[in-house]
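Under this note's numbering, the residue at position 157 of the sequence shown is numbered 221, and the numbers go up by one with no gaps.
Report on the following structure.
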Amino acid sequence: MSPRASFRRLLPAILLGTLACAKDPAGPPAPITGLPRDLTATESRLALASNALAFDLLRQTAADPSGNSVIAPLSVSMALGMLMNGADGVTLDQMRLALRHASPSTTPPTLSEMNAAYRGLFELLTGLDRSTTMRVANGIWYRTGFTPAPGFLEATRTHFDAAVRAVDFADGRTLGEINGWVKEQTSGRIPTILESIHPDDVMYLINAMYFKGAWQEPFDPQATRSASFAAAGGAQQVSMMYRQGQQRIRFGDQYATIDLPYGNGAFAMTIVLPNEGVSVQSVVETMTADRWEAMIGELSATAATVKADLYLPKFILAITRQLKDDLTALGMAELFDPTRANLSRLATGSERLYVRFVTHKTFLEVNEAGTEAAGVTGIGVGVTSLPPQFRVDRPFLLAIRERFSGTILFLGKIVRIPA
């Protein structure tokens, strides 16, 4: 019997949704000064782990100097976190290490502790700002006749609030149902996650994340002008937004950072702009979660803002990435191996299960009213008669993050503005 015939296949499809821009018709919300409660030790560990995974994945997905990359690390972490409840042995150990839940020298939290941390973190994130939409949804579809383990279903329903459905994979309507769920959860920004249903697939796990926020200080559309952007491969003309106001900016030896808050200030876009002569690729290759945290800490430690001119490109970006090779490179190799993967806690039968692929889709829109991905850290250093400029007219990094837990929701490298 061929390996294809002897192994039934498991597919988790990891989906990230969109952040679109919109103004809050009810007026500006009251500023937030902190989380409504302290994070538990495991929630703090999960937030740090997700950020470490973010930069690990960015180095993989942004390895091409000429290509854009946008990822949703918490979406990836959460989808694989669900799947961990079906893994065991070396497969589980590799997942814990790759997701940064553990290190070779530390004892990882138990699965039940991590499950509770995922639940607690996404409940916090989705309830921080009424004027900003932050939505997380998990779904599991499995083939009729396939029997998931009760413990796996209980864990994913209880801790990940997963909608679980047994469906006929041979029915042509099933593909439309799955893609329709994805489209609904992302408000139409990601219309599909699957092109077809493979005859060997027995289960799909999908995490959808959607963020929609309005700038605290929107850009005036009348001030948007055509301007040059020093893109990879040559200069291009882009729609450059402009505003002048009090900005929090930090100018460093290698790059400048700025924070652009949304809504009540719980979420912000942080932009990291390499200095002239410094490549964005070198920043990608050297940035780690620890360096990021130190950079944000330096920004937050300075209370002063400075009046500055801000120029930011307006764009829409959609990216599809297959993460199998990226996750394998991070140490999660056994999960994708049909002869070695141990997903024995996922089903009650004797089938050998493994992950066939991991699909990650992202959508990002930045315009005058709001945005979907970008983090800005800023500090003012000195005041002159003319306001300083923060001109994003060359390749840059961006992150959308929750400021008080530090959790990065979206992380990207932009080297060319889509037409």
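Ideal Cβ positions, reconstructed from N, Cα and C, are used throughout, including at glycine.
Query, Result
"Measuring straight from C-alpha to C-alpha, what distance separates residue 266 and residue 387?", "20 Å"
"Does DSSP put residue 519 in a helix, in a strand, or in coil?", "As shown, the chain starts at 65 and ends at 483. That puts residue 519 outside it, with no answer to give."
"Report all residues from its chain with a CB closer than 6 Å to the CB of residue 303; omit the five preceding and five following residues, and keep chain order.", "288, 378"
"Distance, Cα to Cα, residue 199 vs residue 403?", "37 Å"
"Roughly how many whole angstroms lie between the Cα atoms of residue 355 and residue 349?", "12 Å"
"Is it buried or exposed, residue 89, if we count other Cβ atoms within 10 angstroms and call 16 or more buried?", "Note on residue 89: pLDDT 42, under 50, position unreliable in the model; the coordinate value appears next. Exposed: under 16 other Cβ atoms inside 10 Å."
"Sorted by chain position, which residues of the same chain lie with C-beta nearer than 6 Å to residue 157's C-beta, five sequence neighbours on each side aside?", "none"
"Enumerate in chain order the residues of its own chain whose CB-to-CB distance from residue 478 is below 7 Å, with the five nearest sequence positions on each side excluded.", "132, 459, 460, 462"
"Residue range of the beta strand (DSSP E) that residue 460 falls in?", "460-466"
"Look at the Cβ atom of residue 454, then the Cβ atom of residue 360, and state whether they are nearer than 7 Å.", "no"
"Answer with yes or no whether the minimum CB distance from residue 271 to chain D is below 7 Å.", "Structure shown: chain D not included; a single protein chain is present."
"Taking the alpha carbon of residue 282 as the reference point, which residue from 262, 307, 292 has its own alpha carbon closest?", "307"
"Is residue 107 buried or exposed, if buried means 16 or more other CB atoms sit within 10 Å of its CB?", "buried"
"Beta carbon of residue 411, beta carbon of residue 213: below 7 Å?", "yes"
"Please go through the same chain and pick out, in chain order, the residues whose beta-carbon is closer than 6 Å to the beta-carbon of residue 376, but skip the five residues on each side of it.", "305, 456"
"DSSP has residue 303 in a bridge; who is on the other side?", "290"
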